[in-house]
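S.K.: Heads up: the sequence shown begins at 851 in my numbering, then just goes up one per residue.
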Amino acid sequence: MPVINDKNKEILNNIQVDFPIDSRPYKILAQKLGLGEDELIKRIKQLKKDLLIRRIGGNFSPDRLGYHSTLCAAKVPEDKIELFTKTVNSYSGVTHNYKRDHEFNIWFTFIASSVEIIKTNLETIRQKTHVDTILNLPATRVFKISANFKL
């Protein structure tokens, strides 16, 4: 497990909540954090490499953009978890994918422009991974909460 020093904690805390909307967001963040822009970018690349950052991007409400969102839960045998998660993560519409200590041990969210695309993709995932039990739990109401993790 990589060691997170105080400066990297400060970077992680800032990019979660107050990422600048600008043509040079890293320059603005670097100034705020007392770093050079190149140093900040280097640190963020390392944090991504260390898997402490998965993605930096906007967070949009799918329903307002005409998209459909679903939560999926799968029963994945231990020996198929790596294949299953790699397959699921290959879809651009997957925004979260995590393991739980439960009978349904892999949970992920899937967003697409239609319900049919989600159903088709879930069927393809079933066929590619030979995991038959994938629940499709579409959102009927959307509740947005901010999940920020202060370090």
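We put the CB at the ideal spot given by N, CA and C, even for glycine. Bear in mind the structure is a predicted one, so any value in this text is a computation, not a measurement.
1) Which of the three DSSP states is assigned to Val-938 in this structure?
2) Smallest Cα separation from Asp-856: which of Val-938, Leu-883 and Asn-955?
3) Excluding the 5 residues preceding and the 5 following Leu-987 in the sequence, name in chain order all residues of the same chain whose CB lies nearer than 8 Å to its CB.
4) Can you list, in chain order, the stretches of the beta strand (DSSP E) that have 3 or more residues and sit fully within the region 936-997?
5) Can you tell me whether Phe-960 is buried or exposed? The criterion is at least 16 other CB atoms within 10 Å of its CB, across all chains shown.
6) Restricting to runs no shorter than 3 residues, where is the beta strand (DSSP E) found entirely within the region 874-944?
7) Beta-carbon separation of Asn-939 and Leu-897 under 8 Å?
8) Can you tell me where the alpha helix (DSSP H) holding Ser-857 begins and where it ends?
M.R.: Quick look at the numbers:
1) Three-state DSSP puts Val-938 in a helix.
2) Closest by alpha carbon: Leu-883.
3) Thr-920, Leu-921, Cys-922 and Ala-923
4) For the region 936-997, the continuous beta strand (DSSP E) assignments of 3+ residues that do not extend past its boundaries occur at 944-949, 956-962 and 984-988, in sequence order.
5) buried
6) 918-924
7) no
8) Correcting the residue identity first, residue 857 is Lys in this sequence and not Ser. That run of the alpha helix (DSSP H) goes 856-867.
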